[in-house]
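> In our numbering, the protein residues as written are 1 to 324. Beta carbons are placed, not taken as given, at the ideal position from N, Cα and C, and that holds for glycine. None of the values given here were measured: they were computed from a predicted structure. The structure that follows is given in the form of structure tokens.
Here you go:
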């Protein structure tokens, strides 16, 4: 597909141009994060799935250093046309071994729905769903663009070992917290060695778990507590430290089934137990109680078996062992 200059200008004017997530550049800081993204060197871009002349199409919109759109062009890629209802991804467009790639680092619209005020946890679930159901990593010829996720880890030390032999150049590391939205920390990859040599300024090592609760590399036992925000649960090591819970990480809730199981343990949500409740009016007491935590038990602690999710480098609660 060839775009005329007036068509390019028209498309750029029609583009929703979302407000980008707020990036904080860090140099020598101590921090925690739930996920670490490995961002390759390349051009920052939007991938816009829309319709043009009544045909589903994916446009790449390249950005300059001031994040102003400087170029727009269509690409060949295999995708579900449902995305063209209005989906906007953000990431890096780069080439490696005569192939072109787009690493998905953020999402702003999904099938006509704006995603400005949702957490990174929710965004990652949507991106995972897109990669599993809406975009195929198939190249029918050399002109096709391949979409994919960047390397993702939850431990800086493990990540640095994993990326030693990465076949493409790395620009930076991006650190996110599951329950945050529209903000993240960014560390230039070239500064990694300096930080490692400066009193270990980068620290993100999960708490150790004793052998009795370390069932295998992908199965572990954790204590778990709910947070106020839906589908956000904190994992703690089974052994307390000085009568205090020892925080480990944030749990991954990858499916509706997992969400319902945890809601039944920690929250009072009528819809989980009775679909007819969707049509029932709220109790008078629900209106009178204005506390933000009225539907969640923030004091309850459950000991649960968890399974490691390699894709998102996080632990998924699967079975209750005991609760109090």
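(1) On the DSSP letters alone, give me the boundaries of the beta strand (DSSP E) that residue 69 sits inside.
(2) What are the start and end residues of the beta strand (DSSP E) that includes residue 90?
(3) Can the beta-carbon of residue 267 be found less than 9 Å from the beta-carbon of residue 297?
(4) For residue 14, does the three-state DSSP call read helix, strand or coil?
(5) For the alpha helix (DSSP H) that contains residue 161, what are its first and last residues?
(6) Comparing alpha-carbon positions, which option in 157, 176 and 3 lies nearest residue 184?
(7) Taking the continuous alpha helix (DSSP H) assigned at residue 134, which residues delimit it?
(8) Is residue 139 helix, strand or coil when you go by DSSP?
(9) Taking the alpha-carbon of residue 13 as reference, which of 166, 69, 310 and 21 has the nearest alpha-carbon?
(10) On the DSSP bridge list, what partners appear for residue 7?
(11) CB-CB under 8 Å to residue 11, same chain, minus the five flanking residues each way: which ones, in chain order?
(12) For residue 239, which three-state DSSP category applies?
(13) Out of curiosity, what's the CA-to-CA distance linking residue 120 and residue 128?
(14) Does any heavy atom of the ligand MN sit closer than 8 Å to the C-beta of residue 112?
(15) Taking C-alpha atoms, which residue in 112, 110 and 90 lies nearest to residue 102?
(16) Name the residue from 295, 301 and 253 whose alpha carbon lies nearest to the alpha carbon of residue 307.
(17) So, are the CB atoms of residue 43 and residue 143 less than 9 Å apart?
(18) From which residue to which residue does the alpha helix (DSSP H) around residue 313 run?
(19) DSSP state of residue 124, grouped into three classes?
(20) Tell me whether residue 272 sits in a helix, a strand or coil according to DSSP, three-state version.
(21) My output table needs one value for residue 166: the three-state DSSP class, helix, strand or coil.
(22) Could you say which of 98, 108 and 78 lies nearest to residue 147 if we only look at CA atoms?
(23) Can you list, in chain order, the residues of its chain with a C-beta nearer than 6 Å to that of residue 226? Leave out the 5 residues immediately preceding and following it.
(24) Report yes if the C-beta distance between residue 92 and residue 107 is below 9 Å; otherwise report no.
(25) Within 10 Å of its beta-carbon, does residue 318 have 16 or more other beta-carbons around it, so buried, or fewer, so exposed?
(26) When DSSP labels each residue in this structure, what does residue 192 get in the three-state scheme?
(27) Do you know whose CA, among 27, 151 and 116, lies nearest residue 163's CA?
(28) Please classify residue 40: is it buried, with 16 or more other beta-carbons within 10 angstroms of its beta-carbon, or exposed?
(29) Between which residues of its own chain and residue 116 is the CB-CB distance below 6 Å, once the five residues before and five after are set aside?
(30) For residue 139, I'd like the list of residues in its chain whose CB is within less than 8 Å of its CB, leaving aside the five on either flank, ordered along the chain.
(31) Assign residue 299 to buried or exposed, taking buried as 16 or more other Cβ atoms, counted over all protein chains shown, within 10 Å of its Cβ.
(32) Sort out for me which residues DSSP pairs residue 43 with in a bridge.
(33) Run through the DSSP bridge pairs and tell me what residue 56 is partnered with.
Taking the definition as stated:
(1) Taking the first residue of the chain shown as 1, we reach residue 69 at position 69. 69-75 is the span of the beta strand (DSSP E), which, as asked, contains residue 69.
(2) Taking the first residue of the chain shown as position 1, residue 90 is located at position 90. Where residue 90 is concerned, the enclosing beta strand (DSSP E) stretches over 87-96.
(3) Here residue 267 corresponds to residue number 267 of the chain shown, with the count starting at 1. Here residue 297 corresponds to residue number 297 of the chain shown, with the count starting at 1. Cβ distance < 9 Å, so residue 267 and residue 297 count as in contact.
(4) Stepping through the chain shown from its first residue, residue 14 is reached at position 14. If DSSP states are grouped into helix, strand and coil, residue 14 belongs with the helices.
(5) Taking the first residue of the chain shown as 1, we reach residue 161 at position 161. 156-162 is the span of the alpha helix (DSSP H), which, as asked, contains residue 161.
(6) For the purposes of this step, residue 184 is taken as residue 184 along the chain shown, with counting starting at 1. Ranking the options by Cα distance to residue 184, first place goes to 176.
(7) Translated into positions along the chain shown, residue 134 becomes position 134. Careful: residue 134 lies outside any alpha helix (DSSP H) and carries neither H nor E.
(8) Looking up residue 139 in the chain shown gives position 139. It is coil, neither helix nor strand.
(9) For the purposes of this step, residue 13 is identified with residue 13 of the chain shown, where counting begins at 1. Selected option, being the one with the closest Cα: 69.
(10) Numbered from 1 along the chain shown, position 7 holds the residue referred to as residue 7. Residue 7 pairs with nothing; no bridge assigned.
(11) Along the chain shown, read from residue 1 onward, the residue named residue 11 stands at position 11. Answer for residue 11: 3, 52, 59 and 72, listed in chain order.
(12) Residue 239 sits at position 239 when you count from the first residue of the chain shown. Three-state result, residue 239: coil.
(13) The residue you call residue 120 lines up with position 120 of the chain shown. The residue you call residue 128 lines up with position 128 of the chain shown. Straight-line Cα distance between these residues: approximately 12 Å.
(14) Inclusion of the ligand MN in the displayed structure is not the case, the ligand content being empty and no account of it being possible.
(15) Against the chain shown, residue 102 aligns to sequence position 102. Selected option, being the one with the closest Cα: 90.
(16) Taking the chain shown and counting its residues from 1, the one referred to as residue 307 is at position 307. Out of 295, 301 and 253, the CA that lies nearest to the CA of residue 307 is found in 253.
(17) For the purposes of this step, residue 43 is taken as the residue at position 43 of the chain shown. For the purposes of this step, residue 143 is taken as the residue at position 143 of the chain shown. No, Cβ-Cβ distance for residue 43 and residue 143 is not below 9 Å.
(18) Indexing the chain shown from 1 puts residue 313 at position 313. Unbroken run through residue 313: none, as it is neither H nor E.
(19) Counted from its first residue, the chain shown places residue 124 at position 124. Secondary structure at residue 124: helix, using DSSP grouped into helix, strand and coil.
(20) Here residue 272 refers to the residue found at position 272 when the chain shown is read from its first residue. Because residue 272 carries a pLDDT of 48, less than 50, the predicted location of this residue cannot be relied on, and the following value inherits that uncertainty. Residue state, collapsed to three classes: helix.
(21) On the chain shown, residue 166 is found 166 positions in, with the first residue counted as 1. In this structure, residue 166 counts as coil in the three-state DSSP scheme.
(22) Position 147 of the chain shown holds residue 147. Ranking the options by Cα distance to residue 147, first place goes to 78.
(23) For the purposes of this step, residue 226 is identified with residue 226 of the chain shown, where counting begins at 1. Correct list, in chain order: 233, 266 and 296.
(24) Locating residue 92 in the chain shown gives position 92, counting from the first residue. Locating residue 107 in the chain shown gives position 107, counting from the first residue. No, they are not a contact pair.
(25) In the chain shown, residue 318 corresponds to position 318, counting from 1. Looking at its Cβ environment, which holds fewer than 16 other Cβ atoms inside 10 Å, residue 318 is exposed.
(26) One-based indexing of the chain shown puts residue 192 at position 192. Note: residue 192 maps to helix in three-state DSSP.
(27) Mapped onto the chain shown, residue 163 falls at position 163. Relative to the Cα of residue 163, the nearest Cα in the group 27, 151 and 116 belongs to 151.
(28) By 1-based counting over the chain shown, the position of residue 40 is 40. With 16 or more Cβ atoms within 10 Å of its Cβ, residue 40 is classed as buried.
(29) Stepping through the chain shown from its first residue, residue 116 is reached at position 116. Here the set comprises nothing.
(30) Walking along the chain shown from the start, residue 139 turns up at place 139. Cβ neighbours of residue 139 within its own chain (closer than 8 Å, five residues either side excluded): 99 and 146.
(31) In the chain shown, the residue the question calls residue 299 occupies position 299. Counting Cβ neighbours within 10 Å, residue 299 comes out exposed, since fewer than 16 surround it.
(32) Translated into positions along the chain shown, residue 43 becomes position 43. 93, per the DSSP bridge assignment.
(33) Counted from its first residue, the chain shown places residue 56 at position 56. In DSSP, residue 56 forms a bridge with 51.
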